[in-house]
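The sequence shown maps to residues 215 to 1043 in UniProt numbering. We put the beta carbon where it would ideally sit given N, CA and C, even for glycine.
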Amino acid sequence: ESGEGKAKAERMFSLMDGFLKNDPISLQKDILDHVEYTVARSRFSFDDFEAYQAVSHSVRDRLIERWHDTHAYFKRKDPKRLYFFSLEFLMGRSLSNSVINLGVRDQYADALNQLGFEFEVLAEQEGDAAQGNGGLARLSACQMDSLATMDFPAWGYGLRYQYGLFRQVILDGFQHEQPDYWLNFGNPWEIERIHVSYAVKFYGTVEEQDLNGGKRKVWVPGEMVEAVAYDNPIPGYGTRNTINLRLWAAKPSDLYDMESYGTGDYINAVINRQKAETISSVLYPDDRSYQGKELRLKQQYFFVSASVQDIIRRFKDSLNDFNQFPEKVALQLNDTHPSLAIPEVMRVLVDEEFLSWKQAWDIVCKIFSCTTHTVVPEGLEKIPVDLLGSVLPRHLQIIFDINFSFMEELKKHFGLDFNRLSQMSIVEEGAVKSIRMANLSIVCCHTVNGVSRVHLDILKTKVFKDFYELWPQKFHYKTNGVTQRRWLVVSNPGLCGLISKWLGTDAWIRDMDLLMGLRDHAGDAELQQEWKMVRRINKIRLAEFIDAMTGMMVSPDAMFDVQIKRIHEYKRQLLNILGIIYRYDCIKNMKESDRRKVVPRVCIIGGKAAPGYDMAKKIIKLCHAVGETINNDSDIDDLLKLVFIPDFNVSVAELVIPGSDLSQHISTAGHEASGTGSMKFLMNGCLLLATADGATIEIIEEIGEDNMFLFGAKVHEVPKLREKAENHRVALQFARVLRMVRDGYFGYEDYFKSLCDSIEGGGDFYLLGNDFASYLEAQAAADKAFVDQERWTKMSILSTAGSGRFSSDKTVGEYAHQTWGIEPCRCPF
Ligand code: F55
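Here is the structure:
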């Protein structure tokens, strides 16, 4: 190094205090400095929200230190990296999670106490980061936590929406959507990188130019938008590693000069430039259908293009031989939403790096893998060819070229089987010619993963049958998991302390298999007593929350029976509500002596309906209408309550799950690809009432059928039951409760008519009628078990004890080993 450079480095070093310290005095000083200089409030007068902001900034400083060290270390070691592409990350709150993963929770709590604040109260000030819809998006968040904790050299890439998932407001029992302008109060958890930015092109034409005697394709864009990076540090637990979730925001591009000939002209030109920002403005709230919208396509390409440029720049920083690209890069596609990355990598390698088509194709086939989260063919994404050709003309050509080669290969393999060719083609012919993104992904990825064992079976035998016959080696599954850091350590500290005490270690926070050790103590009266106490405190907290949200008082002595998830016909919230009506009707018609035997229940339902999903919205209204009747019926009293929790999100889940006794996962068998909510309840010692669907089938293997309440048709029975309407053994009770709805017992009979029609007769696609009797039996079994609190508590302990397999650490470990080919890279302390 030059003398000058060395002198500068020495001076910098002498000015550095070493790492930020975590003793109470240092923390207090840091917090107060942030009050004064970051939040710009007086250190003698600031409220809870300002205290939250200051604390968050002091935590952020600590995250940044580790982030720097981790990335300097990754750069030096230059291991193969995983790039995890997802259009959605449902992160929720960050403060509690960060201090726990950094290992400074108690230190902060102490420091704040001395300043007259309570850590929990400040943590409550934080709003949720709701950059996603549901399970798929929360899975990405859990996997990021596991990737960091297990020291994998991974990056997450996504889009930074200005408006997250809508806030659900209920008026007169109907859902209304309000915009979630979450950045209004600032976001201390992101770091804006104004210098990390890339131009992203749209529209225009493709021209051919001569290049050294050959031809090359040049995309002349019609529009350019700038992508600016926002980095979100993701700290691991019990490690210094802190990885990065890089989200892109759209800004107007400076590459084109504006020409204006008057004030109005100029003003309009500026306003037009500003429109570029709409690309990253809003998350699509639909979690089932693809509508072929131009903005959605632009969002997908925008984030893919910026991320690919970033990855290639990083690669070229260390190596310049693209043959080594697959040894340095694994690219994981979360569903097909980011699958434009495939033609984008082809385009960059061929058109910009001047590799041959064959070289580029070999690389693409080695780096991409994907996961699919859907079961039904209707859930598969399609993009109209006209739309794609207009927004991304060069990509359309590339996709056609890929498809041409693929079709040639198919003909060699299967002969001229036109049926098969047209089904497997990436291009769907028809009234609207479109690109099948799933087919594109399967053709180009080396591995396609399902999210549970039964999900893979369905992919192999139904959804992707033809592809499975062609490439059986491509298809795998990795059962989903959730992170115990957020879903146990952050959200249920009481139970955590108990688990660690009885296991004699807290090592389970990084190694969930250790929870099995609880099995030895499940019958221990002392543990059972303590377990019940902790769970009761959680129930009281939930009861207080219900009171605050809805003004309803519920007794913690009742069984808390919970169904929280997106509202969907296949998830059968309607089955739950009909079951509640049945229970209500029974209680109403009971003799006084029998009423004393009823197990009091608080039924809790929460979830959002896609704004355009009419049936789902009707289900929400029905829930309110039924609740209105039951909750105000003095005959019923405390024996039955129905609560709808509005605006269900990650932080609500963190509060509800630890306080639940029973949770419902009751999708029609064969429809829930995996389900991850059930795993969170299981960890927290909540018993499951469920169908044998998705990951529940694997949960049964861990805890046994006796330890839960299983009901309903099995996956293999469903098609037969559907074929013949008369096969439905529709219970008498089913007809009766449906009558009550139809006859206007709960009002709004006209509005509910289509809902009733959808499940009566041969049209009952999701088999509510068929499963009703067995559902009621399972509910009765739950009542019976609840009466015997000793038995119930034992089942609860065994549920937690059997939840180890459903840690996302396990899932991510399998992906790393089997799909991505990456190794841990642990930054030394
Ligand atoms: C979001 C956007 C679109 Cl365009 C389509 C679907 C979604 C979405 O949110 N899907 C989703 O959440 N799927 C769920 O994924 C979970 C994680 O794998 C599964 O557990 C769950 O079964 C599945 O429904």
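Candidates the options, of which the one nearest residue i by Cα
{"i": "lysine 822", "options": "Leu379, Ala351, Gly317, Arg255", "result": "Leu379"}
{"i": "glutamate 440", "options": "Asn426, Gln523, Gly1018", "result": "Gln523"}
{"i": "leucine 553", "options": "Pro607, Val703, Leu654, Val484", "result": "Reading the sequence as shown, one finds serine at residue 553 and not leucine. For serine 553, the nearest C-alpha among the options comes from Leu654."}
{"i": "aspartate 549", "options": "Leu856, Val335, Gly349, Gly961", "result": "Gly349"}
{"i": "valine 564", "options": "Arg430, Pro707, Arg407", "result": "Arg430"}
{"i": "valine 696", "options": "Ser1021, Arg276, Ala739, Ser310", "result": "Ser1021"}
{"i": "arginine 276", "options": "Glu264, Pro449, Asp386", "result": "Pro449"}
{"i": "glutamine 339", "options": "Asp424, Ser360, Gly306, His885", "result": "Gly306"}
{"i": "lysine 831", "options": "Ser354, Lys805, Leu969, Ile493", "result": "Leu969"}
{"i": "asparagine 486", "options": "Phe529, Met438, Gln513", "result": "Met438"}
{"i": "glutamate 991", "options": "Gly976, Thr1025, Met922", "result": "Met922"}
{"i": "lysine 928", "options": "Gln993, Leu981, Gly889", "result": "Leu981"}
{"i": "tyrosine 451", "options": "Ser494, Glu558, Gln357, Gly370", "result": "Gln357"}
{"i": "tyrosine 1029", "options": "His271, Phe366, Pro238, Gly217", "result": "Phe366"}
{"i": "lysine 512", "options": "Ser865, Ile457, Leu601", "result": "Leu601"}
{"i": "leucine 788", "options": "His271, Leu336, Phe986, Ala413", "result": "Phe986"}
{"i": "isoleucine 819", "options": "Asp799, Ile880, Lys805", "result": "Ile880"}
{"i": "leucine 316", "options": "Ala351, Lys294, Thr363", "result": "Thr363"}
{"i": "tryptophan 462", "options": "Arg956, Arg650, Val414, Arg749", "result": "Val414"}
Residue i, buried or exposed, once every other Cβ within 10 Å from all chains shown has been counted against 16
{"i": "methionine 767", "result": "exposed"}
{"i": "leucine 509", "result": "exposed"}
{"i": "leucine 326", "result": "buried"}
{"i": "serine 259", "result": "exposed"}
{"i": "leucine 1012", "result": "buried"}
{"i": "serine 769", "result": "exposed"}
{"i": "isoleucine 781", "result": "buried"}
{"i": "glutamine 423", "result": "exposed"}
{"i": "isoleucine 481", "result": "exposed"}
{"i": "phenylalanine 388", "result": "exposed"}
{"i": "alanine 762", "result": "exposed"}
{"i": "threonine 675", "result": "exposed"}
{"i": "methionine 897", "result": "buried"}
{"i": "threonine 477", "result": "exposed"}
{"i": "tyrosine 375", "result": "buried"}
{"i": "isoleucine 239", "result": "exposed"}
{"i": "residue 181", "result": "Nothing can be reported for residue 181: it is not among the residues displayed for the chain, which extend from 215 to 1043."}
Assigned secondary structure, residue i (DSSP; H/G/I helix, E/B strand, else coil)
{"i": "glycine 603", "result": "helix"}
{"i": "histidine 1031", "result": "helix"}
{"i": "glycine 478", "result": "helix"}
{"i": "alanine 883", "result": "coil"}
{"i": "glutamate 937", "result": "helix"}
{"i": "glutamate 332", "result": "coil"}
{"i": "glycine 977", "result": "helix"}
{"i": "histidine 669", "result": "helix"}
{"i": "alanine 927", "result": "coil"}
{"i": "aspartate 799", "result": "helix"}
{"i": "arginine 460", "result": "strand"}
{"i": "histidine 551", "result": "coil"}
{"i": "asparagine 898", "result": "coil"}
{"i": "alanine 995", "result": "helix"}
{"i": "asparagine 663", "result": "strand"}
{"i": "aspartate 445", "result": "strand"}
{"i": "lysine 647", "result": "coil"}
{"i": "proline 367", "result": "coil"}
{"i": "phenylalanine 960", "result": "coil"}
{"i": "tyrosine 827", "result": "coil"}
{"i": "valine 951", "result": "helix"}
{"i": "threonine 453", "result": "coil"}
DSSP bridge partner residues for residue i (one or two, in chain order)
{"i": "lysine 465", "result": "Glu440"}
{"i": "residue 1044", "result": "Since the first and last residues shown for the chain are 215 and 1043, residue 1044 lies out of range."}
{"i": "histidine 390", "result": "Val383"}
{"i": "isoleucine 526", "result": "In the DSSP output, where bridge partners are listed per residue, isoleucine 526 has none listed."}
{"i": "threonine 905", "result": "Phe925"}
{"i": "alanine 544", "result": "Leu296"}
{"i": "leucine 373", "result": "Trp462"}
Interface flag, residue i vs chain B, CB-CB below 9 Å
{"i": "histidine 282", "result": "The chain labelled as chain B is not found in the depicted structure, where only one protein chain is given."}
Contact test: residue i Cβ vs the ligand SAM heavy atom, cutoff 8 Å
{"i": "valine 665", "result": "Inclusion of the ligand SAM in the displayed structure is not the case, the ligand content consisting of the ligand F55 alone."}
Those runs of the alpha helix (DSSP H) which lie wholly inside the region 270 to 330 and span at least 4 residues:
309 to 316, 319 to 328
Runs of beta strand (DSSP E) wholly within the region 689 to 733 (minimum 3 residues, chain order)
You should have 689 to 691.
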